[in-house]
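Visitor: Residue numbers (the working numbering), protein chains in the order written: chain A, 10 to 331; chain B, 28 to 333.
We put the CB at the ideal spot given by N, CA and C, even for glycine.
Here you go, one structure.
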């Protein structure tokens, strides 16, 4: 057991080193791709955190957009640093989600899913029509993008975002929440009767997931320096992370991470061949994964590894018998 | 007690409507017209939800596909869209059955989450396929007869949109007849109430699901043809109708088709009311989204008290 743990640590350390040093050996275009992939990765993973409780949210674009606007509007009106505004966006989105969660987390299944979809639309309509403060349909422009567009710090910012989300996800996986969430997903009534505080557990996780989505939005907005209702609340921010998480494998930290890397890079190259409608690939992947590979890449590899280990064990016991 | 409250509510609603009609007659006229369109699209979704128990997030997208089919048939053959919608409807029926057979039927026993994500994926594929083939440029047919208008006192208004009200009522009556009078319709009702019981008495449950899903997509196909005659179409046009339909079905209560008409009436008039104020038309969308969340929540509170 300890050997596999050390191996895992070494692997993670190497992966981190490769990620940090990536800008040294990659040109500006590959760097830009990975920056975007990281933002989507953060979204996919924070979506998965809530999914572990069995609650399907379509509100990704809504919280992403809310965070983007919170950060941009704060930086325009109050002279604080970009990093502070990103943190603020996370806290603000988390608080909004906490208050909304008190009400809409009474809903389950399809009702919850549609309500979160509607929430995103409400945010968009409010901002579209709020001309004075939020800029209305034209949106708002930041005086300058973060770090004045310097590539390495911008890249490290997105990497930092992903590391924060991975850290939160792993913390949840190794805390009491993990058992609570799994129990709620499997059977809510049983979970409640075993003493799990279902409403509060769900609301905490819902707020955390929304806060992370809001931070992802804020990072993205600071990288590009503008927000508009149509771009910032685009359905892409719901669709792409969903497809990524599903492809990689849901209910865990590493599935969405792997899925986002694979799908994000592949899709970027597909975009070159099919400029219009390349999103069809995401739809097809969602359908195929649900039908044939509901546990994604991670589930598939997990099965393969387990099979191999079982084969080894069988061989060992045969030797022992002989 | 409950009946008395219903009567009182009905009377209050009627009085409000009359007052509104005197104050802003166009709100009622346009509200009713909108309501017709909403109900016509929502009723097939109510059918699928009531019997197959699946939320089809690609519902509005089926309508969009049918609109495009009708558009291309009408423009390439030079026929009227109302004629072109007949082959489009048949194609939609087959498409619905194919999609059900190939994808949805495999997730019927899976968690609800899988079904939602699956139909979400289907919606994306439909939108993006149309985007690939027809680009995202909006398209519209200019037809003579849709500009028909009437005069009431010194009030001018378009009358063509009342066709959606008629369409909704025809769809509703047709479905009621199908569900109550025909053998497969009664089998569908039985399956909707208790799939296992239906299976035990010899009903082919899977075939019934497939038939109901096919009928629903065909009906949405008809609406799509009519939709094209009045509105401009683009690949993303169906999305909001999926949500509106779901909201109306949830408002009416799953399995309760006639009530969808009244729910649609409420939504249509509320939207038309907000739009009638100069400069506030943009807010009319929020009525609907707030309505969805409000209604679903009220239902959840009422449901938990029982």
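Take residue 248 of chain A as the anchor and find which of B:297, B:149, B:252, B:49 has the nearest alpha-carbon.
Guide: Working through the first chain from its first residue, we reach residue 248 of chain A at position 239. Cα-wise, what sits closest to residue 248 of chain A is B:149.
Visitor: Which one of A:232, A:199, A:182 has the shortest CA to CA distance from residue 165 of chain A?
Guide: Within the first chain, numbered from 1, the residue matching residue 165 of chain A stands at position 156. Of A:232, A:199, A:182, the residue nearest in Cα terms is A:232.
Visitor: Give the C-beta separation of residue 150 of chain A and residue 90 of chain A to the nearest angstrom, bearing in mind that I take them to be a contact with Cβ-Cβ under 8 Å.
Guide: For this step, residue 150 of chain A is matched to residue 141 along the first chain. For this step, residue 90 of chain A is matched to residue 81 along the first chain. 18 Å between Cβ atoms; not a contact.
Visitor: Quick one: which residues of the region 300–315 of chain B get their C-beta closer than 7 Å to a C-beta of chain A? List them in chain order.
Guide: Under the 7 Å Cβ criterion, the region 300–315 of chain B contributes 309, 310, 312, 313.
Visitor: Which two residues bound the contiguous beta strand (DSSP E) that contains residue 69 of chain B?
Guide: Taking the first residue of the second chain as position 1, residue 69 of chain B is located at position 42. That residue, residue 69 of chain B, is in no beta strand (DSSP E); its alpha helix (DSSP H) goes 52–78.
Visitor: Near residue 115 of chain B, what residues of its chain come up, given a Cβ to Cβ distance below 8 Å and the 5 sequence neighbours on each side ignored?
Guide: For the purposes of this step, residue 115 of chain B is taken as residue 88 along the second chain, with counting starting at 1. The answer, listed in chain order, is 93, 96, 97, 100, 248, 251, 252.
Visitor: Taking 8 Å as the CB-CB limit, is residue 136 of chain A close to chain B?
Guide: The sequence position of residue 136 of chain A within the first chain is 127, counting from 1. Not closer than 8 Å to any Cβ of chain B, the Cβ of residue 136 of chain A fails to qualify, so no.
Visitor: Determine whether the beta carbon atoms of residue 76 of chain A and residue 102 of chain A lie at a separation below 8 Å.
Guide: By 1-based counting over the first chain, the position of residue 76 of chain A is 67. By 1-based counting over the first chain, the position of residue 102 of chain A is 93. Yes, they are a contact pair.
Visitor: Given that a residue counts as buried once 16 or more other Cβ atoms are within 10 Å of its Cβ, and exposed if not, what is residue 19 of chain A?
Guide: Along the first chain, read from residue 1 onward, the residue named residue 19 of chain A stands at position 10. Looking at its Cβ environment, which holds fewer than 16 other Cβ atoms inside 10 Å, residue 19 of chain A is exposed.
Visitor: Cβ of residue 219 of chain A less than 8 Å from any chain B Cβ?
Guide: Along the first chain, one-based indexing puts residue 219 of chain A at 210. For residue 219 of chain A, the answer is no, since every Cβ of chain B falls outside 8 Å of its Cβ.
Visitor: Taking the DSSP output, what are the residues bridged to residue 150 of chain A?
Guide: Here residue 150 of chain A corresponds to residue number 141 of the first chain, with the count starting at 1. For residue 150 of chain A, which the question treats as bridged, DSSP gives the partners A:235.
Visitor: Would you please verify whether the beta carbon of residue 255 of chain A is less than 8 Å from any beta carbon of chain B?
Guide: Counted from its first residue, the first chain places residue 255 of chain A at position 246. So, interface residue.
Visitor: Strictly below 7 Å CB to CB, what residues from chain C border residue 92 of chain B?
Guide: Checking the listed chains, one finds no chain C in this structure; the protein chains it contains are A and B.
Visitor: Look up residue 420 of chain B in the DSSP assignment and say whether it is helix, strand or coil.
Guide: Within the shown structure, residues of chain B are numbered from 28 to 333, placing residue 420 of chain B beyond reach of any answer.
Visitor: Sorted by chain position, which residues of the same chain lie with C-beta nearer than 7 Å to residue 215 of chain A's C-beta, five sequence neighbours on each side aside?
Guide: As a first step, residue 215 of chain A must be located in the first chain, where it is residue number 206. For residue 215 of chain A, where only same-chain residues beyond five positions count, the Cβ hits under 7 Å are 59, 106, 110, 114.
Visitor: Using the three-state DSSP reduction, which class does residue 182 of chain B fall into: helix, strand or coil?
Guide: For this step, residue 182 of chain B is matched to residue 155 along the second chain. If DSSP states are grouped into helix, strand and coil, residue 182 of chain B belongs with the strands.
Visitor: Using the beta-carbon count (16 or more within 10 Å), is residue 290 of chain A buried or exposed?
Guide: Taking the first residue of the first chain as 1, we reach residue 290 of chain A at position 281. Residue 290 of chain A comes out buried.
Visitor: Could you tell me the boundaries of the alpha helix (DSSP H) in which residue 183 of chain A lies?
Guide: For this step, residue 183 of chain A is matched to residue 174 along the first chain. Looking at the DSSP string, residue 183 of chain A is not in any alpha helix (DSSP H), and its letter there is neither H nor E.
Visitor: Please work out which residues of its chain come closer than 7 Å, Cβ to Cβ, to residue 259 of chain B, disregarding the five sequence neighbours upstream and downstream, and give them in chain order.
Guide: As a first step, residue 259 of chain B is located in the second chain; it is residue number 232 there, counting from the start. Contacts found: 165, 166, 167.
Visitor: In the DSSP assignment, what residue or residues form a beta bridge with residue 166 of chain B?
Guide: Counting from one through the second chain, the residue named residue 166 of chain B turns up at place 139. When beta bridges are read from the DSSP output, residue 166 of chain B appears opposite B:260.
Visitor: Quick check: the Cα distance between residue 116 of chain A and residue 324 of chain B, rounded to an integer number of angstroms?
Guide: If you number the first chain from 1, residue 116 of chain A lands on position 107. If you number the second chain from 1, residue 324 of chain B lands on position 297. Looking at the backbone, the Cα of residue 116 of chain A and that of residue 324 of chain B are separated by about 7 Å.
Visitor: Applying a beta-carbon distance threshold of less than 9 Å, which residues of chain B neighbour residue 105 of chain A?
Guide: Residue 105 of chain A sits at position 96 when you count from the first residue of the first chain. Within chain B, no residue comes near residue 105 of chain A; the closest Cβ sits about 14 Å away, beyond 9 Å.
Visitor: Is it a yes or a no for the region 288–305 of chain A touching the region 247–264 of chain A, going by three-plus beta-carbon pairs under 8 Å?
Guide: yes
Visitor: Taking buried to mean at least 16 other C-beta atoms within 10 Å of its own C-beta, is residue 203 of chain A buried or exposed?
Guide: In the first chain, counting from the first residue as 1, residue 203 of chain A sits at position 194. Flag for residue 203 of chain A reads exposed.
Visitor: Terminal residues of the continuous alpha helix (DSSP H) containing residue 132 of chain A?
Guide: The residue given as residue 132 of chain A occupies position 123 in the first chain. Counting along the chain, the unbroken alpha helix (DSSP H) around residue 132 of chain A starts and ends at 118–138.
Visitor: Would residue 270 of chain B count as contacting chain A if we go by Cβ distances under 8 Å?
Guide: As a position in the second chain, residue 270 of chain B is number 243, starting the count at 1. Yes, contact with chain A.
Visitor: Count the C-beta pairs between the region 44–62 of chain B and the region 230–239 of chain B that are closer than 8 Å, then say yes if the count reaches three, no if not.
Guide: no
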